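I have placed the structure first, in the form of structure tokens, so that the comments after it can refer back to it.
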Amino acid sequence: MSEPVDRLPQTRKSYDSSIFDHPDTAPLTLFRQWYDEAADHVREPNAMTVSSLDEWGPSSRIVLLKGLDERGFLFFTDYDSAKGRQLRADPRIAVNFPWQDMERQVRIRGLAEVAAPEESDAYFAVRPRGSQIGANVSKQSQPVVGREQMQAEYDAAVAEFDGRDVPRPDHWGGFRVRVFEIEFWQGQQNRFHDRWVFRRSDGSHEVANLDDVTAWTATRLYP
Ligand SMILES: Cc1cc2nc3c(=O)[nH]c(=O)nc-3n(C[C@H](O)[C@H](O)[C@H](O)COP(=O)(O)O)c2cc1C
């Protein structure tokens, strides 16, 4: 009996959605429409893969989208984590929404900006108390000797914050992905997929607001 990984070359699913024609809208409008559709079909539609860079190359991990407006895509993390340090040193970032259940993906390139402290405060305040305590205790991406150590630190923090609000630690907060390129990918038959990429109309790689129709030009790409 072969294992699933041994059958990878034969693993094949055909895609046949309706044709995705020229997106005659701003990228924000199209993303919102696709997100609404994904919300009905994808278990965690706000899970997105985020890639950052250091001297050794790119690295990727999943984070959760927690806000979206014309400025870009907001997520929260530890500023001292691997990704936090990388993005503060080099804001170049790539994001992918892997909505395979929809035969879709959205690919984004841009720059990560540290969110305003008030924004991070506002989101931190609505997180469950356990997550707030976890954010205070975790030194994300640092080595830890074992779960017992983590649990002991967590228990100590529960006692420390007993009877009062848990403060947002300085090392925890948001990044907003500002965008200079965003591609919408729709799977089609015979691997003849539809791809529409929005790039800056002026040919630049400057980030722009996603609702500014004049800033963006949509181009169809070969699959
Ligand atoms: C579904 C899912 C959602 C996640 N959401 C977040 C998130 O919103 N923020 C975060 O910092 N890490 C999140 N993580 C954990 C990250 O993938 C990653 O392990 C962690 O942030 C450390 O990454 P780094 O060492 O590259 O900084 C999530 C993981 C999964 C699987």
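Numbering-wise (numbering that gives the first Met the number 0), the sequence shown opens with residue 0 and increments by one. For each residue, glycine too, the CB sits at the ideal point set by N, CA and C. Just so you know, these numbers come straight off a predicted model, no measurement behind them.
Contacting residues, own chain, Cβ-Cβ under 7 Å from Ser-200 (five flanking each side not counted): A distance below 7 Å between beta-carbons, with the five flanking residues on each side excluded, links Ser-200 to the following residues of its chain, in chain order: Thr-213, Ala-214, Trp-215, Thr-216.
Contained alpha helix (DSSP H) runs [length at least 4] in the stretch 101–172, N- to C-terminal order: If we require 4 residues or more, the alpha helix (DSSP H) runs fully inside the stretch 101–172 come out as 116–125, 128–136, 146–159.
Alpha-carbon to alpha-carbon, Ala-111 and Gln-85: For Gln-85 and Ala-111, the distance between alpha carbons rounds to 10 Å.
Thr-76 versus Pro-127: straight-line alpha-carbon distance, rounded: Whole-angstrom Cα-Cα distance: 15 Å.
Short Cβ contact (8 Å threshold) for Glu-180 with Arg-194: Taking C-beta atoms as the reference points, Glu-180 and Arg-194 fail to come closer than 8 Å.
Any non-hydrogen atom of ligand 1 closer than 7 Å to Asp-5 Cβ: Using a cutoff of 7 Å, the CB of Asp-5 does not count as near ligand 1, since none of the ligand's heavy atoms is closer than that.
Ser-140 beta carbon near ligand 1 (any heavy atom closer than 7 Å): Distance from the C-beta of Ser-140 to the nearest heavy atom of ligand 1 is below 7 Å.
Ligand 1 site residues, beta-carbon cut 5 Å against heavy atoms: Taken from the N-terminal end onward, the list reads Ala-46, Arg-60, Ile-61, Val-62, Leu-63, Thr-76, Ser-80, Ala-81, Lys-82, Ser-140.
Nearest neighbour of Asn-95, chosen from Leu-7, Asp-20, Ala-156, Ser-51 [CA to CA]: Measuring C-alpha to C-alpha distances from Asn-95 to each of Leu-7, Asp-20, Ala-156, Ser-51 identifies Ser-51 as the nearest.
Sequence-distant residues of its chain with Cβ nearer than 6 Å to Phe-30 (five each side left out): Annotation for Phe-30: no residue places its beta carbon closer than 6 Å to its own, counting only its chain and skipping 5 residues before and after.
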